[in-house]
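Taking this note's numbering, I'd label the letters of the sequence shown as residues 2 to 141. Here the structure comes first, spelled out in structure tokens, and everything after it is commentary.
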Amino acid sequence: MAQSLSHLAPVARVLLALIFILSGFQKLADPAGMAAYIASGGLPGWLVWPTILVEIVGGAALVLGLQARVAALALAGFTLLAGLLFHFVPALGAEGMEAQMQMIMFWKNVSITGGLLFIVAHGAGAWALDNRDGAQPALA
């Protein structure tokens with residue numbers, strides 16, 4: 002049965018990668034606006050550029066299954082940190098629906114992190130550049 006479901010691995014990688022790729026290009030369309038948002042969280046606005054790079058390059062690596070474990074680990078750390086800084090902490094100072102929405106966004110980030118850690122643990126799966134020679138590369 003596992004073999005018959007192996008085609009789902011690239012689908013899962015693409016679905017996980019979409020949020021990063023789309024978010025990266027959205028930030029690229031308005032880097033000044035995103036820099037202001039990052040600064041509102043107490044971080045330097047110039048972090049918009051490494052953020053865009055991580056999202057687009059990391060997302061593309063997931064889609065291609067190229068160094069997928071490394072990309073997934075980097076994106077997992079990025080996603081959890083972003084969730085803590087931009088959703089969990091703001092939820093602590095919010096009330097009502099705003100607090101509820103921020104907590105939902107935080108748990109969304111935690112869930113995405115779980116999916117990324119699954120790739121770290123199990124590799125890219127079928128139809129991945131990591132599997133060109135038939136072996137999954139180790140993380141380290």
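We treat Cβ as the ideally placed atom computed from N, Cα and C, and that holds for glycine.
Residue environment, Ala69, which counts as buried when at least 16 other CB atoms sit within 10 Å
Locating residue 69 in the sequence shown gives position 68, where the first residue counts as 1. Classification for Ala69: buried.
My output table needs one value for Glu96: the three-state DSSP class, helix, strand or coil.
The residue given as residue 96 occupies position 95 in the sequence shown. Note: Glu96 maps to coil in three-state DSSP.
Does the beta-carbon distance from Ala92 to Ala100 come in below 8 Å?
As a first step, residue 92 must be located in the sequence shown, where it is residue number 91. As a first step, residue 100 must be located in the sequence shown, where it is residue number 99. A contact, by the Cβ cut-off of 8 Å.
Is the beta carbon of Ala62 closer than 8 Å to that of Ala72?
Here residue 72 refers to the residue found at position 71 of the sequence shown. Here residue 62 refers to the residue found at position 61 of the sequence shown. Their beta carbons are under 8 Å apart, which means Ala72 touches Ala62 by this criterion.
Starting from the N-terminal side, write out each stretch of the alpha helix (DSSP H) that is 4 residues or longer and does not extend beyond the segment 18-98.
Taking only runs of at least 4 residues, the alpha helix (DSSP H) segments lying wholly in the segment 18-98 are 32-41, 49-65, 69-84, 90-93.
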